[in-house]
Structure formats: structure tokens, C-alpha cells
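A short worksheet on the structure shown next.
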């Protein structure tokens, strides 16, 4: 993409009404815009990151044999009364429409997915079944001050699995853990599998937590055997002995990137979601649910991967693979030459299928171009200037040194 | 995709609470599920169609140089008061949150996109600019009985363009007409460009209308010179003379698939969206807006392309390119042979990059498989049975005759 065609949402200073670092840096670098507390617009660069995260999640959900659906945001009050959560869930946004009926804005979709699954589940032959969606969720949070980490409106992937028995759920649950591990690895994140309170039906639920200084959660963690529990179920202190291996525990700040629950029959019971077995006897369907905060992940990645100059996107989610800068001299003949060379590099990169943002802007100083490039944080910077001759300056955003390379080096780099 | 992995949402009968044909057939064929009036879940097959429509629209928006963003659903009351539409727009869903503030659920996004654009528009150098999104919209419709044609929650593409002057808007507006024409052509639709009431600021707005018996609009149309006006601005009768060419007009039922408006300064004025010209003087930014109903299009395509057996998707939006059916005999040895042959065809199709749904299910009669295939309406049906030997039966959904073909014929067909 030509940067001259990309609107300039970059700002000199971070907005004053933002406490959270992720929102400050993402707003300053032109990835998001704040509409109000916990509600953001994704600008062109930010939406590209969001789409990349979405694609990785979708990929692994499909590999897990889950079927993608899209359930509504508007939910009838009746569905939420059926499970008792109309009154008990304090983050539920409620709407009264012209028909005088009340509706909820979906904060999660158990109350909707169960009746949907009921359309296709009759006998054991229809199980297991897994449905997922990537959909905007709404939660009326009292304290929405953490940028993308705690939105009132946010993008989430939610997966629901349906089984004949607990053994089958357990098997799928383990496969989901593997899929989640793959997702976070692909996103460049080192996620811990953490035991957390399980609610009514199983001893523990599991959270995937990423260590980050600004994280809202506290995790009791053993670096030796990977034992990890949320502080809410384990009050150990730094240095206490790990209950599994006896080595000293540490308490670390972390932020949740995913959570998975064995729901068993908690939601199938109220909707009478049942199947018949080989003998024709009816049983309640056993369920699991598995969430990943897509927009939240973008915030966490921003919290983790930055330096004093700006963002450092992992290659898998970066808005572009390469940022090509033409350093345009004032001299007209030289200018023409540099722009022609840079255009040639741009065309060749695109022909190779490399996603590149080309800063073709004139009348912007080299210093400003370099500073904006560091702020945006695309992993590879390529420079064509009066100094680069027939070669291109190549620099990885995360590394200090630049070098002069041939075009073949660049294509090799992206193939590797 | 293996059909044994696709949940069976197909129903024997259309739901009794649906008046609209599009919803009846799409529910029966397992593409959507109704949650309540005007609010639907997109099931796996339906979501594939929706994504295909989305991709075509996104493609042409990008070709138009528009930048994709994603704006929120939750809007602050203040933005809507700024334009006076908080009180005047009767379809506005309103929410009161725990902070006692009121919010609207976005029915359109002028009130949000203008402040967003304001972040990047300062001088004439920042113009023209065009932002679009593909986002769920909410309208509290009094009468939501037309299935996907009039949802209370629906998916829309909305594009907003920003210009220094009316001449530049007019130029972009004409380019948008060309892009829209391309989109509808790619979707297999014959859309008419129709003049409609223009509101306050221009003589006419333009609608793209598709002739369909169940359409809610009436269009005064001249088949000779393509003159077309919405009945709301032209009360001509069948047979009246065309004002342009004098030939007889007809009045046809149609359904709107897109509309475009020259907003001029209607929304830039209330938010003081201005730019400075070469001389440093401030002027109001001139705007246009351009909508396409993505989920509505899916409904209109279902209304238009079907026969008594089921749906007939245009190839560009069909959930899959080909539907491969294995007709599995009872005899064990024969069964093994047929399933191996069908699997071979499936693997080769996928290797060729052809999106194929493979009905690998056992214990389903040939008659049932054929009937479900016709109902789902994938454009090409391929059959492997005891009768097909080393060849494959090939049949286009829209044509009556099947023929026995070699594999090479199939790949040639999809390359053409």
C-alpha cells in the first residue's frame, strides 16, 4: 500500500484521557481511535492487525473441526431468563425496543448457541459438535480504563463444544488446549496455562495468561515445573514451595488471553438440550466453552512488544511485513531517480507476494519518516535513498543495526 | 469440507412463523436460523455465503482507494444530539448503561465517522479521503417481517468520502457508481441505477435496485433507455411515456441493494469538520456516503435464484464451488470401492484449489442426498456411484441434464 494513500492518524502526543499504555501507544501510532471509555474505532493499520489475529484464530479453530457461525448481538430477554442470568449478570447491557420488549446485548453466547445447537442435535450420531464465532461482545464494565484490555465493546472468538459424555468433553478439552497453545505461539506470545476457579461444575477452569507488568491478574507460578494457579485460588507468596515440585514459587502479574470451561450440563439443562443414545434413551448434552479476546490480544501485544520509539509487532500480526521508505532528496533529478528506484523495489516486493507499506510521500523529512516507521513498528524497514545506490538498506525493527543488501536477500529473508 | 463434519441444520419443512420466502428457504436449507423477528444466526453454510459477498464488496472498495476501518456499535448520545438525529431517527435503539448515560446502537455511522475523519483531515493535502467498514447495524424496525431484507440487526458496508469541493465529490460519486455496478455484476445481479428522493442537499440520491417480485419498492422503469426512478418521486403508470425517450414505461417491483448520497456539508457542519486551502482559509469538508446491505443481498439472491427444489447460488457467492456426492451401496466391498473413488476425486479437487463439499455420509439414500444437494444449491454437482465407473457424473444445478465426464473436464470447467 502507498503511504500517501493511507490517512495520517499518527499523533505527536498520547491522548490525555487514556491511562492504559496499550491505548496510548495504539492511538498515538494511528491504530485505534477512542470513541469513549472502553469503546474504540479500529483505524486502517489497527484493523489489519485485528484481521491477522482473527485469521490465525480461525485457522486453528477450523483445524479443530469447529464450524464457524455468526450469532446475533441482540438477544431476547427470555433466553437469559431461562438460565437466570438476566438478573444475575451485572455487566449485561439491556435495551427496551419499540415493541416494549427487553433485549440484551450479547456479553457471551451460551443462551443463544444452545437453542441453535438444538436444531441439529437429536441423537448420539449428531455428536460431538463444535460451533464457534468471531463476534463483537458487549459488557457494561464499571471500570473500563484498560484500553483494549477491558472493553465495553470488544471482539471475541467463542467456541462451544457438545458431547455425549464427560470423557468425550475431556478429550476435546485437551485438544482445545493444544489449539490454544498453537494460537498463542503463532501470535508470538508465551502463554501460561493457569488453573482458575471452576465455578459450579468442575474443580478448575483453565486460563491462558501472558506475563505483563500491567496485567490485572496475579499468578502463582513455578518456573521449574510450570505449575500455575490464579491468585484467586492460591494465596501462596513469593518463595513458598511449589506444591508439585517443591521449588520456590513466584507471584507474577499477568493478563488473561483465553479461558476454557467445562460447562457440563449447566446450559444444556435449562434449554433441555438432549440427545438419544443407541437404546433410544434421552440424556443431557455435555458442553464445553472456550474464549479468546481478539481485540484484547492486540492490546496485550502492544503492552508487551514496544520500546521507547514505538511498537514492535510480531511478524505474524504486523499490519505489513515490510515498511519501504523512499528518502526523497530536494534535487529534482535525484528525486526522480530515487522515487523510480523505490517504486521498482515496491513493485518487486508485491510481485513476490510480500505485504508492504511504501512511504512514497514527498516533503517529509528523513527523520520524520524514520520516527514514524519506528512508531508504527512494522518488523522490517527497507530504505531507498541517495546513499543506497543499487542496493537497499535493510533493518529489523527489533535490532539496532542496518545493512545494505541486494533484493535477493530480502526475498530470501521473507521466504525463510 | 466433509459433509459428515457439517452439522445437519436442514429441515423438512419451512418454519411456520416466517412470511418471507428468503427466510423460509434459507432456514429450510440450513443457511440461517431465526432468533426472533428480524434477527438471525448465520449457520456454517450461510456464513460462507456472507463471507463471499463481503470479499467481493471489500475487493471493489479497496480498488476504489477506500481505507477499511471498524467503528463501534455503541455510540454516545452526544454525537447523535450534535446532528439532531437522537430525537428524529425513530429506528434508533437506545441503551441506558450503569453510568446512567444513554447510548445508541449504530444504525449508520455518519455521527461517528466525521469525528474520526477529523483526526486526519487538516488541510487540502489530506483530501480526498474515503473510509469504509463492514459492520453490524441496528434498526428498531416496526415491521421486520421480510427475512434478511429488513433486519433489526444486519450486516452492512458503509463508505464515507471526504472532499475539498463538490466537483471532486461528483467525480468520486461517479467512480462509486462504477464500483457498485461491478459489485452487483460479480454477485450475479442485474441492478438498476434508480433516482430517488435526495433529501435536503441534492436533487436526487441514487439507489441500486434489483427487480424481484417480492420487492418492497416500486420503480418506474424504461427498458429502452434505462431511465429509472423510485415511485416515491415519479407517479407514472404502466404505459406512460418515458420522459427521456418517449417509449412506454413499466412499473416494476424491486428491492434496494445499495444507495448513495451526496451529503455535501450535512454532517461536516454540525461537527465543524473543516480543512484549510492553499491560502490558509477554512472550508467545510464535502461528503458523500455509499451503503450496501451485505446480509440483505444474501436474502435478495435467495429470492431471485431458486426453483421448486431449492436454491441456485451464483458461482461467485455459493458456499462451495462443487458438491461431490458419494452414492454408497449397501454391499461392503462395493461401498469400500465407491468411497475410495470419491475420496480420490475429493482430494484431487482440493489439490486443484476447488472449494468442495463432499457428501461422504453413509446410511443416507441416494434420493435424500440428491434432494439435499438441490436444496442447498451449490452450482455444480458431482456424483460417484456404482454406475459412474472411472468417470464422474457432472451436473450444473441450473441445468436439467447430467453427463459422465473425466476429471480433466472438471478442472477445465472451473478454470474457465
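Protein chains in written order, with my numbering: chain A, 789 to 1204; chain B, 789 to 1204.
Idealized CB from N, CA, C, for every residue including glycine.
Predicted model only: the values in this text are computed from it and were never measured.
1. Give me the residue from B:964, B:875, B:897, B:824 with the minimum Cα distance to residue 890 of chain B.
2. With C-beta atoms as the reference, is residue 858 of chain B less than 7 Å away from residue 1084 of chain B?
3. Nearest-angstrom Cα distance between residue 921 of chain A and residue 862 of chain A?
4. Does residue 1188 of chain A come out as helix, strand or coil in the three-state DSSP assignment?
5. Look at residue 1160 of chain B and residue 1108 of chain B and say whether their C-beta atoms are less than 7 Å apart.
6. Does the beta-carbon distance from residue 1037 of chain B to residue 1016 of chain B come in below 7 Å?
7. Please state whether DSSP places residue 959 of chain B in a helix, a strand or coil.
8. Measure from the C-beta of residue 941 of chain A to each C-beta in chain B and report whether the shortest distance is under 7 Å.
9. Check whether the Cβ atoms of residue 911 of chain B and residue 1064 of chain B sit closer than 7 Å, and answer yes or no.
10. Smallest Cα separation from residue 1092 of chain B: which of B:905, B:797, B:814?
11. Given a limit of 7 Å on CB to CB distance, which residues of the segment 895 to 911 of chain A reach chain B?
12. Which value, in whole angstroms, describes the spacing of the CA atoms of residue 790 of chain A and residue 1146 of chain A?
13. Taking Cβ to Cβ, would you say residue 946 of chain B is nearer than 7 Å to residue 879 of chain B?
14. Identify the contact partners of residue 886 of chain A in chain B, using a Cβ-Cβ distance below 7 Å as the criterion.
15. Locate the alpha helix (DSSP H) running through residue 810 of chain A, then write down its first and last residues.
16. Out of curiosity, what's the CA-to-CA distance linking residue 931 of chain B and residue 825 of chain B?
17. Since residue 949 of chain B sits in a beta bridge, which residues does DSSP pair it with?
18. Could you round the C-beta distance between residue 1094 of chain A and residue 1166 of chain A to whole angstroms and report it? I think they count as a contact, below 8 Å.
19. How about residue 970 of chain B and residue 856 of chain B: do their beta carbons lie closer than 7 Å?
20. Under 6 Å Cβ to Cβ from residue 1162 of chain A, same chain only, skipping five residues before and after it: list those, please.
21. Considering only DSSP beta bridges, list what residue 881 of chain A is partnered with.
22. Starting from residue 898 of chain B, trace the alpha helix (DSSP H) in both directions and tell me its first and last residue.
23. Which residues in chain B have a C-beta closer than 8 Å to the C-beta of residue 803 of chain A? List them in chain order.
24. In angstroms, rounded to a whole number, what distance separates the CA positions of residue 833 of chain A and residue 1032 of chain B?
25. Quick one, are the C-beta atoms of residue 1046 of chain B and residue 1080 of chain B less than 7 Å apart?
26. Which residues in the same chain as residue 972 of chain B place their Cβ atom closer than 8 Å to its Cβ, once the five residues preceding and following it in sequence are excluded?
27. Just to check my reading of the structure: residue 964 of chain B and residue 1048 of chain B have Cβ atoms closer than 8 Å, yes? What is that Cβ distance to the nearest angstrom?
28. Hey, how far is the Cα of residue 1139 of chain A from the Cα of residue 796 of chain A?
29. Which residues in chain B have a C-beta closer than 7 Å to the C-beta of residue 856 of chain A? List them in chain order.
30. Measure how close the beta-carbons of residue 899 of chain A and residue 923 of chain A come, nearest whole angstrom, since I'm counting them as under 8 Å.
31. Under 7 Å, do residue 1157 of chain B and residue 1100 of chain B count as touching if we go by C-beta distance?
32. Per DSSP, which residues does residue 1045 of chain B bridge with? Please list them.
33. Taking only beta-carbon positions, decide if residue 883 of chain A is within less than 7 Å of chain B.
34. For the beta strand (DSSP E) containing residue 824 of chain B, list its first residue and its last residue.
35. From residue 1008 of chain A to residue 864 of chain A, what does the alpha carbon distance come to, in whole angstroms?
36. Check residue 925 of chain A in the structure and name its three-state DSSP category.
According to the data block:
1. B:875
2. no
3. 15 Å
4. coil
5. no
6. no
7. helix
8. yes
9. yes
10. B:814
11. 900, 904, 907, 908
12. 5 Å
13. no
14. 928, 930
15. 809 to 816
16. 9 Å
17. B:918, B:1076
18. The Cβ separation is near 13 Å, so there is no contact.
19. no
20. 1097, 1098
21. A:893
22. 898 to 906
23. Neighbours of residue 803 of chain A on chain B: none; closest Cβ ~10 Å, over 8 Å.
24. 47 Å
25. yes
26. 978, 979, 996, 998, 1045, 1046
27. 6 Å
28. 26 Å
29. 832, 835
30. The pair is not a contact, with the Cβ atoms about 14 Å apart (cut-off 8 Å).
31. no
32. Residue 1045 of chain B pairs with nothing; no bridge assigned.
33. yes
34. 820 to 824
35. 40 Å
36. strand
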